[in-house]
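Okay, structure first, notes after.
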Amino acid sequence: LPIYCANVISAKDLGTIDQGDEINHGSKYGAKLTEIVNKVKMIVKDEERCILFVQFQDLKDKIAEALENNGVKSLQVKGSVNQQIKALDVMQKEVPGKEDPRVLLLTMDDESSAGV
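Position one of the sequence shown corresponds to residue 15 (my numbering), numbered consecutively onward.
Shown next, in the form of structure tokens:
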């Protein structure tokens with residue numbers, strides 16, 4: 015029997031409203047991503063930091079975009095080992111700078127998430 019994936023939504027389509035031939039981005043990110051952004055904004059407004067573990071890379075990119083578009087700086091651990099260490103150093107500062115990101119986005123199954 016063939017398997018139909020009618021209920022699978024790709025990360026790039028999260029928060030879009032299909033209106034026939036055009037896609038409405040009025041709500042832009044949908045209820046779940048909007049709630050994530052709102053909770054993160056509440057945390058970082060008090061100068062706190064947070065780590066978001068995300069299951070998929072494309073979803074992590076979508077969350078990073080949503081945070082950035084809502085004025086929340088985030089950081090992803092990627093690139094060479096030196097770039098990854100430099101990114102983590104920013105998050106591990108005892109007293110972060112005023113312009114330093116307060117949100118670290120990690121993919122759950124990525125080796126960069128180990129030990130965090």
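Where a beta carbon is used, it is the ideal one built from N, C-alpha and C, also for glycine.
Contact annotation: valine 54 and valine 86 have beta-carbon atoms nearer than 8 Å. Counting along the chain, glutamine 90 sits inside the beta strand (DSSP E) bounded by residues 88-90. Minimum Cα-Cα distance from cysteine 64 among the listed residues Arg116, Tyr43 and Asn83 corresponds to Arg116.
Judged by their CB atoms, alanine 101 and leucine 119 are not nearer to each other than the 8 Å cut-off. A buried status is given to isoleucine 77, since no fewer than 16 other beta-carbon atoms sit within 10 Å of its beta-carbon.
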